[in-house]
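Shown next, in structure tokens, is the structure this report addresses.
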Amino acid sequence: MKYGHFDDDAREYVITRPDTPYPWINYLGCEEFFGLFSNTSGGYCFYRDARMLRLTRYRYNNVPTDFGGRYFYLKESGAASSPCCDSSSAGGDVWTPSWMPMKSKLDRYECRHGMGYSRISSARNGLAFSQVSFVPLGDNCEIHKVTLTNESNAEKNIDIFSFVEFCLWNANDDMTNFQRNFSIGEVEIEGSRIYHKTEYRERRNHYAVWAVNVPVNGFDTDRQAFLGLYNGFDSPQTVFKGHANNSVASGWAPVGSHHIKARLSPGESKTYVFVLGYCENPQDQKWETSSAGKATPGIINKKPANTLLEKYNTPEKADKALAELNTYWKNLLGKFTVDASASSRSEDKKMARMAGVWNQYQCMVTFNMSRSASYFESGIGRGMGFRDSNQDLLGFVHLVPERARSRILDIAATQFPDGSAYHQYQPLTKRGNNEVGSGFNDDPLWLICGVSAYIKETGDYSILDEKVPFDNDEKLADTMFIHLKHSFDFTVKNKGPHGLPLIGRADWNDCLNLNCFSSTPGESFQTTANFESGVAESVLIAGIFAFVGPDYVEICRRTGRNDEAAYAEKEIAKMIDIINQYGWDGNWFLRAYDAYGKKIGSKECDDGKIFIESNGFAVMAGIGIEDGRAVKALDSVKEHLESPYGIVLLQPAYKEYHLELGEVSSYPPGYKENAGIFCHNNPWVTIAETMLGRGSRAFETYAKICPAYREDDSDLRRMEPYVYAQMVAGKDAPRHGEAKNSWLTGTAAWTFVSISQYILGVRPVFDGLLVDPCIPSDMKGFTVTRHFRGADYNITVDNSAGVEKGVKSITVDGKVHEGNVLPAFGDGKIHNVIVTMGK
Ligand code: BGC
Ligand code: NOJ
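Residues in the sequence shown are numbered consecutively from 339, following this note's numbering.
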């Protein structure tokens, strides 16, 4: 069953009932201030770092789910009383127009998640409500523009109560350190502005402000005063009572609530602009100064808040900011568009809306968040991942290449001089994270992957000359090229007994912990190494090396480093030999050798006979294409790992815990890395299939994990139909097909690469824009527009020949073009390209 539909023209997903099978969220903000926003107005916001600078509180894993948000309570005086537990209710109808937290019965409900904004519209008893929420470009705040309309023929008297609950900044302390927290909360109130300034008296120089653009009739800043100690968000005593307490929080739990009385004649509308902002002062200007120029300790300097609020103090100003945001996204998504109307297959419009809009949108979100804050990532545990961020770039670099460039420099600065890297770093400090450390031996190679993607997109080789620290130490700085060299050499220098790369703590698969040997509950699989064998090897890393290595060679050649290129080529050839010798199992590629030198992912194993990752990557690297092993490997993947909802990670699932394998065997069969459909690596198979020219199969693997194709099946899938999820339960799990961990996953970037560059086949290469589609034979054609190095390419592909791969001819602006690499015109013009497929 469906819970909404796509509105393609508006680039919105329209949720038509609030009780979705899981909160279906959106992300507000695309620069430094972010909000998570669910279809019932749940979620929270933060400035730059979801752990260190969180503005509002959110209770993960709460019962019921999704409690905490930006809530608006309405009380209509004179209307029939709502049933409520509170005896002091002075009558009147109390409801929450976003459905939660009161689960109010609504006569109308709709939530539209769009590009960086969400709009909830609802109605009850002739009173219509709409809330549009977004983070404006260039400012650190959420705007919630709220409109009430009296759709009845009688006058209405409404009490509006806003409500947010402040987080005491450090989200981890906020939910653990109550002996301190309950004494430190501080606020200031000035008219319609509520300031949250906990810890400002000491080391912080930032505060939050929750304001509305009209005079208020009252306020509350103390949670207990507003709700009542034994009441939940669904029965705030203040709202039932109908007037605020003007409470001033001191310790305990500071909140922000405005009380506004509104009288609406029939047909009348009233609009309010609520702003929740983050403000910072220079350390020496923290306090308000008197007219005599003396600082008044204790009273915050409100200048930044005044400036911010002034910018959004009318509905018109808020509308203008929203219009600017819309233009921003329209231009951004204009960089790559897909039109499948010529395809003759009606289902292809699902592909077009995902590839053209939602997939790219998700790529922006993963680029910004890495794996930090979602409804499955609490925002306190994980910073920016080294491998994750490098891969996220692949789906983002065409959107804002300059941001990709500076991200690459940040990531590279956390690399160690030997080429290894901190696995994660903190977005605020940009420092490597000591708790996780290094030792994930695939990490260095992803830097080559990210930098190559950047250069192919932009043609900007100057990034190679940038001086970048090692281990965040300026004294150790060297050029970006040297960082790449050390990345490459790390694999060369860290090989095991077969000559394959040593796996370290884990490779891409965080759960293949071959040196961990943990039997202690709670010990981290990723950071424990009880048995540093110096033996366990990864065929996947070898495949990644063979895939990204040639790009390194090209980079060397194109910058005149011919000796280095020759050396690298030799090392790649050596690695491919080793894969051929020790990485092939007869019908598919092996996955690894364990700490005892035993095979993993082999027919000889009882469980875990075949894994997806090494098969995808080896074929992506071109291994076995000439001698038929690539076909065999991918056919084996299909035979053993295929399911209706995508390709599972391995088979048979591990049924018991294996000390020598680690976390992969800790999961119940069918979940996560233990034979779940770990969507991230499905596109590797898709890409590999296109390298074999099997367009139908490539598309099939694409569509199976593509959320838009499962919209009708939302009761089973449960996650948002407009975004990819990290994992879908595999065939061994009880609810095969159920997704989890939506939004923050490398699936976003890799599926975008697979569909845009390999299926539709418009791929940036060092020399220009390659066009090499690989599609189902019954897809008769499509159009892609692509912005590339300062020019626009309108590419129309004609497949009336009904082939799966092969370009017969190309014309550019009416003239025949030799080969299928389009040059980088760089002339700011639009070029019309017609590609005729055929043999
Ligand atoms: C998960 C992985 C994740 C890892 C690191 C594991 O529990 O299964 O998907 O990458 O933790 O946080
Ligand atoms: C999620 C992690 O973020 C990613 O780095 C890892 O590759 C996958 N899990 C697979 O374990």
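Every residue, glycine too, gets a C-beta built ideally from N, C-alpha and C. Small disclaimer: the values here were computed from a predicted structure and weren't measured.
Would you say the beta carbon of residue i comes nearer than 6 Å to a heavy atom of the ligand NOJ?
i    : result
R709 : yes
N847 : yes
G723 : yes
D726 : yes
Please name the residue or residues paired with residue i in a DSSP beta bridge.
i     : result
D1136 : G1119, T1174
G380  : G407
E350  : D345
D497  : K413, K599
R385  : With the sequence shown as reference, residue 385 is identified as Tyr, and Arg is not the correct amino acid for it. Its beta-bridge partners are F371.
D677  : T1121
P1102 : L1107
K805  : T817
L486  : F467, K608
R843  : According to DSSP, which records beta bridges pairwise, R843 is partnered with nothing at all.
T394  : F504
D431  : E414
H634  : Before going on, a small fix: residue 634 reads as Thr here, not His. DSSP, once it has assigned bridges, lists E626 as partnering T634.
V1154 : T1149
Q989  : I948
C849  : Paired residues: none, contrary to the question.
L366  : G373
D1192 : Since the first residue shown for the chain is 339 and the last is 1177, residue 1192 is missing from the structure and cannot be characterised.
Measuring from the CB of residue i, is there a heavy atom of the ligand BGC at a distance below 6 Å?
i     : result
K1010 : yes
Which whole-angstrom value is the C-beta distance of residue i and residue j, which I expect to be below 8 Å?
i     : j     : result
Y409  : P439  : 6 Å
P361  : G380  : 6 Å
P990  : K947  : 7 Å
G842  : F778  : 6 Å
C1112 : I1133 : So it is not a contact: roughly 15 Å between Cβ atoms.
R531  : A659  : R531 to A659, Cβ: 19 Å. No contact.
V593  : L647  : About 19 Å separates the two Cβ atoms, so there is no contact after all.
R896  : Y799  : 7 Å
G717  : A388  : 3 Å
A971  : I917  : At roughly 11 Å, the Cβ-Cβ gap does not stay under 8 Å, so A971 and I917 are not in contact.
Y455  : L366  : 7 Å
S442  : G430  : Contact flag wrong, Cβ pair sits at about 13 Å.
D1151 : H1169 : 6 Å
V886  : I786  : 5 Å
Any heavy atom of the ligand PLP inside 6 Å of the beta-carbon of residue i?
i    : result
N463 : As far as ligands go, the structure on display features the ligand BGC and the ligand NOJ and does not contain the ligand PLP.
Beta strand (DSSP E) segments (min. 3 residues) lying fully within the region 543–631 = 544–550, 556–560, 592–602, 607–618, 625–627
request  = Answer yes if the region 1003–1010 comes into contact with the region 1047–1063, meaning at least three C-beta pairs across the two stretches below 8 Å, and no otherwise.
outcome  = no
request  = Go through the region 693–735 residue by residue and report every complete run of the alpha helix (DSSP H) that reaches 4 residues or more, in order.
outcome  = 697–707, 724–732
key: 4 or more residues per run - each alpha helix (DSSP H) lying fully within the region 893–980   = 900–920, 951–958, 967–979
Contact the region 495–506 vs the region 580–594: 3+ CB pairs below 8 Å = yes
ask   = Should the region 722–730 be called in touch with the region 1077–1095, which here means at least 3 C-beta pairs below 8 Å?
value = yes
request  = Check whether the region 872–890 touches the region 831–842, taking contact to mean three or more Cβ pairs, one atom from each stretch, closer than 8 Å.
outcome  = yes
inquiry  = Can you confirm whether the region 1126–1146 touches the region 1162–1175 when touching is taken to mean that 3 or more C-beta pairs between the two stretches lie within less than 8 Å?
reply    = yes
ask   = Is the region 1151–1168 touching the region 1118–1132, taking contact as three or more C-beta pairs under 8 Å?
value = yes
inquiry  = Quick check on the DSSP output: what are the complete beta strand (DSSP E) runs of length 3 or more inside the region 636–686, in order along the chain?
reply    = 674–677
Segment contact flag, the region 600–615 with the region 466–486, C-beta cutoff 8 Å, min 3 pairs = yes
query = Hey, is the region 850–868 in contact with the region 802–812, meaning 3+ C-beta pairs nearer than 8 Å?
reply = no
task = Indicate whether the contact test is met: 3 or more Cβ pairs, each with one atom in the region 1016–1027 and one in the region 949–956, closer than 8 Å.
result = yes
ask   = Okay, do the region 1098–1108 and the region 1039–1049 touch, 3+ Cβ pairs below 8 Å being the bar?
value = no
request  = Tell me, please, whether the region 674–681 touches the region 501–514 by the rule of three or more beta-carbon pairs shorter than 8 Å.
outcome  = no
Inter-stretch contact at 8 Å, needing at least 3 Cβ pairs: the region 814–822 / the region 843–851 = no
key: Validate contact between the region 551–569 and the region 660–670 using beta carbons, cut 8 Å, 3 pairs   = no
request  = Assess, as a yes-or-no matter, whether the region 593–606 is touched by the region 507–516 under the definition of 3 or more beta carbon pairs within less than 8 Å.
outcome  = no
ask   = Any chance the region 685–703 sits against the region 1054–1063, with 3 or more Cβ pairs inside 8 Å?
value = yes
task = Flag this pair as touching only if the region 754–766 and the region 1114–1125 have three or more C-beta atom pairs under 8 Å; answer yes or no.
result = no
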